[in-house]
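If you're matching positions, the sequence shown starts at 263 in the numbering used here and goes up one per residue. To start, the structure under review is shown below, and the notes come after it.
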Amino acid sequence: MNDKNLSNTSRTNWVALESMEDEGIDYSDIPPLTEAFFEKATLTIPAAQAQYLVQIEPDVLTWFQAQGGEYQALINSILRHYIESQGQ
Numbered sequence: 263m264n265d266k267n268l269s270n271t272s273r274t275n276w277v278a279l280e281s282m283e284d285e286g287i288d289y290s291d292i293p294p295l296t297e298a299f300f301e302k303a304t305l306t307i308p309a310a311q312a313q314y315l316v317q318i319e320p321d322v323l324t325w326f327q328a329q330g331g332e333y334q335a336l337i338n339s340i341l342r343h344y345i346e347s348q349g350q
């Protein structure tokens, strides 16, 4: 942690949150997890992502950020599409 993280204060209204009644969650439409489910289930661990420093020109970065959402995922998607279009 750094000092910046420590200076953040919660904006949660804890008094209001604690005064709310637990209405419960209706699980009646969710099928039970049976032994058959777990027999067919597989564990999928996502591949680790490489962490590299890439220099991107400021105007290019600004454009990606302006697209909304996760701009890093958008950059990755576009790079992947480019690679696949090269037929390699």
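Each residue gets a CB set at the ideal place from its N, CA and C atoms; glycine is no exception.
Per DSSP, the continuous alpha helix (DSSP H) segment holding D321 begins and ends at 320-328.
R273 and L279 have their C-alpha atoms some 12 angstroms from each other. The three-state secondary structure of S347, taken from DSSP, is helix. In this chain, the alpha helix (DSSP H) harbouring S281 covers 276-281.
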